[in-house]
Amino acid sequence: MDDIQPRSEAEDYSKFVPFSARMMAAMRARESSREDRLFHDPFAELLAGEEAFQRVDQQLTPQDQAYVAVRTRFFDNLLSHSKANQVVLLASGLDTRAYRYPWHPGTDVYELDYPEVLSYKIRLLENTPPTCKHHPIPADLTQSWKEKLLESGYQPDAPSAWLIEGLLMYLMEEQVHALLGVVSELSSASSWLGVDMINVKGVDYGPYEGYFRFGCDIPEELLLEYGWQAEVFQPSDEGANFGRYTEQYSAREVPDVMRAFLVKAQKTNSPLQH
């Protein structure tokens, strides 16, 4: 498990971000062990490794873990609702939906992430058959990745579902706009998008200070620029908390509060000109 090192052994940004995928897997494993679990990820414990559990215990709060639980369920529900035959997971990390999710027959799932993240996951799950037509695509999403997706069989004229889970906060603002521009270009009308964001104040969240770079106070406006009609939830809202996220957020207009957003959006029209 040396491919993705913990923060204590790899302080620089480029190595911590891949290691955070193991921390997310550790939290999904914890959720999966609960009797009242919101989802079941039978592979998360293996993928996380002991160091990631230790880092979660040292660095994150129970509410952080509840957030990952409701975020995972929120996006699972979005995928079920979308009924898309092609799904794109951007910065998929150690997400195992390609192996655990009950896709309908013939679904194509495209996973894009750093080569070391995908190879680590594929190696550990080499004896586990995917539940879809699985297309792992090594890519740096801050660089050119559109052609790699198209060459792997993605059909931009067909409806799709996209997940951008746990990514945008790590990018610079110009990288966020570049990414959303490509996603919009490759998405036909009626496609779905699931994405999580933090607000501007949330960039300073202690455990990730120095790693979070981008926040957005009004995700609806950002996504509308790219032709998406968005519905935005805070994790304590009805429709997003699933009875698990108990810390109540204040109304969004209250200033100087760190916030996280869970967003589902549908492609409705052409993006505005930039």
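Numbers given in our numbering equal positions in the sequence shown, counted from 1, plus 223. Beta carbons are placed, not taken as given, at the ideal position from N, Cα and C, and that holds for glycine. For clarity, every value in this text was computed on a predicted model and none was experimentally measured.
{"Check": "With 16 other Cβ atoms within 10 Å as the buried cut-off, status of GLN309", "Outcome": "buried"}
{"Check": "Cβ-based neighbour list, ASN422, same chain, cut-off 6 Å, excluding 5 preceding and 5 following", "Outcome": "GLY438, ASP440 and ARG482"}
{"Check": "Distance, ARG323 Cα to GLU232 Cα", "Outcome": "Because the pLDDT of GLU232 is 40, which lies under 50, any placement of that residue in the model is unreliable, and the question is left without a value."}
{"Check": "Minimum C-alpha distance to GLN457 - residue among VAL418, TYR431 and PHE435", "Outcome": "VAL418"}
{"Check": "Residue of PHE242, GLU370 and THR330 minimising C-alpha distance to LYS356", "Outcome": "THR330"}
{"Check": "Sub-9 Å separation of VAL405 and VAL455 beta-carbons", "Outcome": "no"}
{"Check": "Among ARG436, TYR343, LEU403 and THR284, nearest to PHE242 - alpha-carbon criterion", "Outcome": "TYR343"}
{"Check": "The stretch 336 to 353 contacting the stretch 259 to 273, beta-carbon criterion three pairs below 8 Å", "Outcome": "yes"}
{"Check": "Distance, GLU339 Cα to GLN398 Cα", "Outcome": "21 Å"}
{"Check": "Neighbour-count burial assignment, PRO229, 16 or more Cβ in a 10 Å radius", "Outcome": "With a pLDDT of 41 at PRO229, under the threshold of 50, the predicted position of this residue should be treated as unreliable, and no value is reported."}
{"Check": "Cβ distance (whole Å) where ARG245 is taken to contact LEU270 below 8 Å", "Outcome": "7 Å"}
{"Check": "Proximity of ALA488 and LEU416 at Cβ, strictly below 9 Å", "Outcome": "yes"}
{"Check": "Alpha helix (DSSP H) segment containing HIS304, residue limits", "Outcome": "285 to 305"}
{"Check": "Coarse secondary structure for PRO359, derived from DSSP in three states", "Outcome": "strand"}
{"Check": "Where the beta strand (DSSP E) containing LYS371 begins and where it ends", "Outcome": "Per DSSP, LYS371 belongs to no beta strand (DSSP E); it is in the alpha helix (DSSP H), 369 to 374."}
{"Check": "Buried/exposed call for ASP336, threshold 16 Cβ in 10 Å", "Outcome": "buried"}
{"Check": "Cβ-based burial, MET395 [other Cβ within 10 Å; buried from 16]", "Outcome": "exposed"}
{"Check": "DSSP state of TYR431 mapped onto helix, strand, coil", "Outcome": "helix"}
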